[in-house]
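For the record, the sequence lines run as chains P and C. Counting the first sequence from 1 gives a position; this note's numbering is that position plus 12. Counting the second sequence from 1 gives a position; this note's numbering is that position plus 12. Working notes for the structure below.
There are 2 protein chains.
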Amino acid sequence: MNKKVSKSNLQQVTQADFERLWRLRRYLAPALVKRILAAEENEPFGFVAKRKRVTFMFLDIRNFTELSDELEPETISDVLNEYYTIVADIIGSHHGSINKFLGDGLLIIFGDPEQNKEHKLSALRAAVELKRAVADYSKQVSFLPMPFRIGIGINSGKAVLGAFGPENHIDYTAIGSAVNIAARLQALADNNQIVACKSTYEGLDASINLANERTVRVKGYSEEITIADILGYK
Amino acid sequence: MNKKVSKSNLQQVTQADFERLWRLRRYLAPALVKRILAAEENEPFGFVAKRKRVTFMFLDIRNFTELSDELEPETISDVLNEYYTIVADIIGSHHGSINKFLGDGLLIIFGDPEQNKEHKLSALRAAVELKRAVADYSKQVSFLPMPFRIGIGINSGKAVLGAFGPENHIDYTAIGSAVNIAARLQALADNNQIVACKSTYEGLDASINLANERTVRVKGYSEEITIADILGYK
């Protein structure tokens, strides 16, 4: 630990120390930073885990990992940063938050840490906008040796949300089948397709256009689940 | 953003503001915090992505997600925190760092951000110690309705490491096939088994005991890869 910002030196806080520490916030989701800073003293945000109903979205750039082995680090950086900026703007405007970066993939949560009772509709609307925005962006990166396409999987359900980890390194994480099912649906999605579970779109017919409703079995789960492709919103 | 710690108020830094901001460090890996705080001003750590040879380890608690749907959040929290503490202690003593928490799973990197030329041997030794420690821990959690077992996958290779993301939320991430292959090997591992790629154990016969060397094909990769079970170290 850098001496200038070690806790034992708190008596001599300087603006330079503060600015250095301020850098850390960029490495965490803005909605999470807000909650951590507002939390009660001696109880980190998320320390008391809770079971909560939210919506999970997994997003993946098709074949990007294989492609990344051939690209210059600078190109990967430029493309990912532009793409992530597009995603974060759309997600943020629908009150979602990036929970995890997984290589080029993303796990996005709607309904937590920012409260949002409409988390299902927000996720579906955000997905439709993402699909359109990425289709536009793909034209800007036509220099890549592979088309830039994404897959989106969405599922709603209860999961345990909390900050888990050793004393010196906790992480705000979601745990439960509902998360894994969203990941499986993303893997099922075709290029530039949004696959959502009925748990998310049920009762939203007035707002969402869907097609090809069907049942599937996903790895690790015995029950069939009903899914559909999300085409747009009204 | 909490007003007390907004950048516009940097002139009036108080110890309370500093302490509040200090909380953020717990939500990031200690080795990463060290590098972020020591970085040059105006260039966040990881901002210039680089391709580097490191060792990746994926760790997973078998069937924990399904189990977690039935457990109280408090039990999940207690078990995960104890388990993560055991893992972090062993990983840290071998100069590895938790890069991602993925539900109950972990992605650990050896060789970055802490420099370590012996990252292959460090990862293999850490895995053997983890396996033993988790076997002991499983006796403490015999009240769980399922045995507590892990699977470990290890692979070494080049990947692009960098802090990617939108302006207000970057994440220190590894991208490349070498990461994905480690994840696939973890999925191949039996309960309490360590599966490593030859890229990691090659040339380390004098230090590592292995068995059952074989070739496999993993999803998404055309070439066969040679793997073995890691039994112990000398």
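Each residue gets a CB set at the ideal place from its N, CA and C atoms; glycine is no exception. The structure presented is a predicted model; accordingly, all values stated were derived computationally and were not measured.
- Contacts between C:V191 and chain P, judged by CB atoms closer than 9 Å, involve T77, G115 in chain order.
- Along the length of the segment 46-101 of chain P, whole beta strand (DSSP E) runs at least 3 residues long occupy 62-73, reported in chain order.
- For P:E126, there is no enclosing alpha helix (DSSP H), since its DSSP letter is neither H nor E.
- Nearest to P:C209 by alpha-carbon distance, out of P:A190, P:S219, P:D202, is P:A190.
- In the DSSP assignment, P:V146 falls within the alpha helix (DSSP H) that extends over 131-152.
- Take the alpha-carbon of P:S134 and the one of P:I187: they are about 21 Å apart.
- With respect to chain C, the C-beta atom of P:K62 has a partner C-beta closer than 8 Å.
- Taking 8 Å as the cut-off, the beta carbon of P:G177 is found closer than this to the beta carbon of C:N93.
- Contact annotation: P:I220 and P:I239 have beta-carbon atoms that are not nearer than 8 Å.
- Of all residues in the segment 223-241 of chain P, only G232, Y233 come within less than 9 Å of chain C when Cβ atoms are compared, listed by chain position.
- Looking at the DSSP output, C:T238 sits in a beta bridge with C:T227.
- Here the alpha carbon of C:L71 sits roughly 30 Å from the alpha carbon of P:F160.
- In this structure, the beta-carbon distance from C:R35 to C:V45 does not fall below 8 Å.
- Of all residues in the segment 28-39 of chain C, only D29, F30, E31, R32, L33, W34, R35, L36, R37, R38, Y39 come within less than 9 Å of chain P when Cβ atoms are compared, listed by chain position.
- Secondary structure note for C:V191: its alpha helix (DSSP H) is the uninterrupted segment 189-200.
- Taking all protein chains in view, the Cβ of C:N167 is crowded by 16 or more other Cβ atoms within 10 Å, so the residue is classified as buried.
- Counting C-beta pairs with one atom in each stretch, the segment 39-59 of chain C and the segment 73-80 of chain P have fewer than three that are closer than 8 Å, which means they do not touch.
- The beta-carbon of C:S105 is placed no less than 8 Å from the nearest beta-carbon of chain P.
- Cβ neighbours of P:A41 within its own chain (closer than 6 Å, five residues either side excluded): S109, I110.
- From the beta-carbon of P:P157, no residue of chain C is found nearer than 8 Å; the closest lies around 15 Å away.
- Of the residues P:I164, P:G244, P:L173, the one whose Cα lies closest to the Cα of C:P85 is P:L173.
- C:K143 is classed as buried because its beta carbon has at least 16 other beta carbons within 10 Å across all chains shown.
- Between P:S150 and the set P:F68, P:F76, P:D29, the nearest pair of CA atoms involves P:F76.
- Collapsing the DSSP output to three states places C:K210 in a helix.
- Sequence-distant partners of C:K170 (beyond 5 residues in either direction) whose C-beta falls short of 7 Å from its own C-beta, in its chain, are R63, K64, R65, G188, A190.
- One thing to note: C:V228 has its Cβ no nearer than 8 Å to the Cβ of C:E235.
- In this structure, the beta-carbon distance from P:Y39 to C:D148 does not fall below 8 Å.
- According to the DSSP assignment, C:A175 belongs to no alpha helix (DSSP H) but to the beta strand (DSSP E) extending over 162-176.
- P:L119 is the residue among P:I88, P:L119, P:Y96 whose C-alpha sits nearest the C-alpha of P:L197.
- Here the alpha carbons of P:V140 and P:Y245 stand approximately 7 Å from one another.
- For the segment 195-227 of chain C, there are no residues whose beta carbon sits under 9 Å from a beta carbon of chain P.
- Nearest to C:I73 by C-alpha distance, out of C:V25, C:I206, C:G123, is C:I206.
- In this structure, the CA atom of P:I48 is about 9 Å from the CA atom of C:L33.
- Non-local C-beta neighbours of C:A194 in its own chain, meaning closer than 7 Å and more than five positions away in sequence, comprise F68, M69, F70, G165, I166, N167, ordered along the chain.
- P:I182 sits in coil when the DSSP states are folded into three classes, being neither helix nor strand.
- Between C:V91 and C:V153, the C-beta gap is smaller than 8 Å, which places the two residues in contact.
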